[in-house]
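Chains as they are written, first to last, in numbering that gives the first Met the number 0: chain A, 0 to 157; chain B, 0 to 182.
All C-beta atoms in this analysis are idealised placements derived from N, C-alpha and C, irrespective of residue type, glycine included.
Computed from a prediction, not measured in an experiment: that's the story for all the values here.
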Amino acid sequence: MEPRHRILGIVVLLVVTGGFCVQFAATDVWTPSQSDLAADPVAHDGDQVLVFGTVQSVEPDRDAVVVSDGTLEARVTDVDPKTVSGLEAGGEIQVAGTFHAEPSTIAADEVVVDIEGESDRRYVYGTSILGGLLAVVAFLRTWRIDVRGFRFVPRGER
Amino acid sequence: MAELLTHVLLAYAVFTVLGWYVEWIDDRWIAVGMVGSILPELNRLALVVPSGWVSSVLGVPFAWDGLHTVVGTALLSGIGALLFGSSTHRRRAFLVLFAGGLSHLIVDLPQRYADGKLLTNEYLFPLTTWRPPTPGWYVSADRWVLLLAVGVTLAILLLDRYRSWPSDAGSASTGTVPDRGQP
Numbered sequence: 000m001e002p003r004h005r006i007l008g009i010v011v012l013l014v015v016t017g018g019f020c021v022q023f024a025a026t027d028v029w030t031p032s033q034s035d036l037a038a039d040p041v042a043h044d045g046d047q048v049l050v051f052g053t054v055q056s057v058e059p060d061r062d063a064v065v066v067s068d069g070t071l072e073a074r075v076t077d078v079d080p081k082t083v084s085g086l087e088a089g090g091e092i093q094v095a096g097t098f099h100a101e102p103s104t105i106a107a108d109e110v111v112v113d114i115e116g117e118s119d120r121r122y123v124y125g126t127s128i129l130g131g132l133l134a135v136v137a138f139l140r141t142w143r144i145d146v147r148g149f150r151f152v153p154r155g156e157r
Numbered sequence: 000m001a002e003l004l005t006h007v008l009l010a011y012a013v014f015t016v017l018g019w020y021v022e023w024i025d026d027r028w029i030a031v032g033m034v035g036s037i038l039p040e041l042n043r044l045a046l047v048v049p050s051g052w053v054s055s056v057l058g059v060p061f062a063w064d065g066l067h068t069v070v071g072t073a074l075l076s077g078i079g080a081l082l083f084g085s086s087t088h089r090r091r092a093f094l095v096l097f098a099g100g101l102s103h104l105i106v107d108l109p110q111r112y113a114d115g116k117l118l119t120n121e122y123l124f125p126l127t128t129w130r131p132p133t134p135g136w137y138v139s140a141d142r143w144v145l146l147l148a149v150g151v152t153l154a155i156l157l158l159d160r161y162r163s164w165p166s167d168a169g170s171a172s173t174g175t176v177p178d179r180g181q182p
């Protein structure tokens, strides 16, 4: 396969991949989705929801948290203070519960803390960057880039 | 998601073990598998170019999370495979990238979710909306996950060394043959 054919193949697959991401976003993988809730909160009053969001603030008694995903901002009530004892603004949580509109509120059945705050975030991003570097170094130690041939070649081979 | 270091280490371990049984899986292909284990995480491009921006530029809905799926991983593996010159390399690259990507999704699967169910509706999109219960073993910031991955990797690394000892010993003794002949 000549380089230009492979480049054409890559362009086609990139377009298909982009199309797939469009289809993924356009399909209701979640019912209701967070954008559904943000677009028409009243229509979803009383719905069971699962929401992923960034913590905007934790209320002083630690029984309520305000989360946002950029489109939907909601106050989460009925939170178990023990679950969120270490939670800071900027952390990331998931909430399962009952949605109420005006103002947007979720009465939580269950809260899961994914990232408590800055130190968790640094840990996850730091180790992830390290993982990415490890894979790239392992790859470039055994393969080299043949720019003119637009391909990877095993090191030690022409 | 678990952090990427866990994914890359576990891919290293998995492909090292596969290499014991599949003759062509050597260091080169283990490295390709490690790269494969990163592919689903390319949904993090959203941190650089938010899905909302892409959506407003294209004028249609768009979500990078489409990459964190079996189909998205297969498409990315196809793109990666086309960066290899020979047809044998392309075939192997696709298989290994895709298997590496699947290992990522499998490791991510049993995480804790607030409604107690797996995210199979996302990972298997558009095949099913089925969501069985999650065992809820971990969240991404749990430190023990990486410790376990490091432990598994070290154990496999040691076993791998142990497996290659007999042949090393053989070549070492061959190497000493001329010396033995000398007084």
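Quiz item: Under the rule that 16 or more other beta-carbon atoms within 10 Å means buried, what is T173(B), buried or exposed?
Solution: With a pLDDT of only 44 at T173(B), under the threshold of 50, the placement of this residue in the model should not be trusted, and no figure is reported.
Quiz item: Across which residues does DSSP place G96(A) in a beta bridge pair?
Solution: Within the DSSP secondary-structure output, G96(A) pairs in a beta bridge with V48(A) and A107(A).
Exercise. Pull out every residue of the region 104-116 of chain A whose Cβ sits closer than 9 Å to any Cβ of chain B, in chain order.
Key: The region 104-116 of chain A vs chain B, Cβ under 9 Å: A107, D108, E109, V110, V111, V112, D113, I114 and E115.
Quiz item: For A24(A) and chain B, any beta-carbon pair shorter than 8 Å?
Solution: A24(A) counts as touching chain B.
Quiz item: For R74(A), which beta-bridge partners are listed by DSSP?
Solution: V65(A) and T104(A).
Quiz item: Hey, quick one: how far does the alpha helix (DSSP H) through R43(B) stretch, first residue to last?
Solution: Neither: R43(B) is in no alpha helix (DSSP H) and is coded neither H nor E.
Exercise. Mind checking the region 137-149 of chain A against chain B and listing, in chain order, the residues whose C-beta falls within less than 8 Å of any C-beta there?
Key: Result list: A137, F138, R140, T141, W142, D145, G148 and F149.
Quiz prompt | Nonlocal neighbours in the same chain, by C-beta distance under 6 Å from G186(B), ignoring five residues either side | solution = For chain B, the structure presents residues 0 to 182; residue 186(B) sits outside this window and is missing.
Practice problem: Tell me, please, which residues DSSP counts as bridged to W142(A). | Solution: Paired residues: P153(A).
Quiz item: Is it the case that the Cβ atoms of V50(A) and V64(A) are separated by a distance below 8 Å?
Solution: In terms of Cβ geometry, V50(A) and V64(A) do not form a close pair [threshold 8 Å].
Quiz item: Using a Cβ-Cβ cut-off of 8 Å (strictly less than) and excluding sequence neighbours within five positions of Q47(A), which residues of its own chain qualify?
Solution: So the list reads A95, G96, T97 and F98, once near-sequence residues are dropped.
Exercise. Run the CB neighbour count on A92(A), radius 10 Å, all protein chains shown included, and call it buried at 16 or more, exposed below.
Key: In the sequence under discussion, the amino acid at residue 92(A) is Ile, which differs from the Ala named in the question. Buried, because 16 or more other Cβ atoms sit within 10 Å of the Cβ of I92(A).
Quiz item: Do the CB positions of A148(B) and C20(A) come within less than 8 Å of each other?
Solution: The answer is no: Cβ separation not under 8 Å.
Quiz prompt | Reference S54(B); option with closest CA among G85(A), E58(A) and Q22(A) | solution = S54(B) has its Cα closest to that of Q22(A), out of G85(A), E58(A) and Q22(A).
Quiz item: So, using beta-carbon positions, are S36(B) and G135(B) closer together than 8 Å?
Solution: No.
Quiz item: Got a sec? Which residues, its chain only, sit under 8 Å from W129(B) by beta carbon, not counting five neighbours each side?
Solution: T119, N120 and L123, listed in sequence order.
Quiz prompt | Of the listed residues I105(A), P80(A) and G148(A), nearest to G52(A) (C-alpha basis) | solution = Nearest to G52(A) by alpha-carbon distance, out of I105(A), P80(A) and G148(A), is I105(A).
Quiz item: Mind checking Q181(B): buried by the 16 CB within 10 Å criterion, or exposed?
Solution: A caution first: Q181(B) carries a pLDDT of 43, below 50, which makes its placement in the model unreliable, though a value can still be read off. Around the beta carbon of Q181(B), fewer than 16 other beta carbons sit within 10 angstroms, so the residue counts as exposed.
Quiz prompt | Exposure label - W28(B); buried when at least 16 CB within 10 Å | solution = It is buried - the Cβ of W28(B) has at least 16 other Cβ atoms within 10 Å.
Self-check item: Residue(s) in a DSSP beta bridge with I114(A)
Solution: Per DSSP, E91(A).
Self-check item: Proximal residues, the region 58-87 of chain A versus chain B, C-beta separation under 9 Å
Solution: Answer in chain order: G69 and T70.
Self-check item: Min CB distance F93(B) to chain A below 8 Å
Solution: Output row for F93(B): interface = no.
Quiz item: Distance, Cα to Cα, T15(B) vs T76(A)?
Solution: Each residue's alpha carbon lies about 48 Å from the other.
Quiz item: Three-state secondary structure (DSSP) at P80(A)?
Solution: Of the three classes helix, strand and coil, the one that applies to P80(A) here is coil, per DSSP.
Quiz item: Using a beta-carbon distance below 8 Å, is H103(B) in contact with chain A?
Solution: Not an interface residue.
Quiz item: Less than 8 Å separating the beta-carbons of A134(A) and P40(A)?
Solution: No.
Quiz prompt | Proximity test, Cβ basis, 8 Å: R5(A) and chain B | solution = Answer yes: the Cβ-Cβ gap between R5(A) and chain B drops below 8 Å somewhere.
Practice problem: Could you check the C-alpha separation between D119(A) and A107(A) for me, to the nearest Å? | Solution: Answer to the nearest angstrom: the Cα atoms are 23 Å apart.
Quiz item: Counting only beta-carbon atoms, is S32(A) nearer than 8 Å to chain B?
Solution: With 8 Å as the cut-off, S32(A) does not count as an interface residue toward chain B.
Self-check item: Rounded separation between D159(B) and V31(B) - CA only
Solution: As the crow flies, the alpha-carbon of D159(B) is around 18 Å from that of V31(B).
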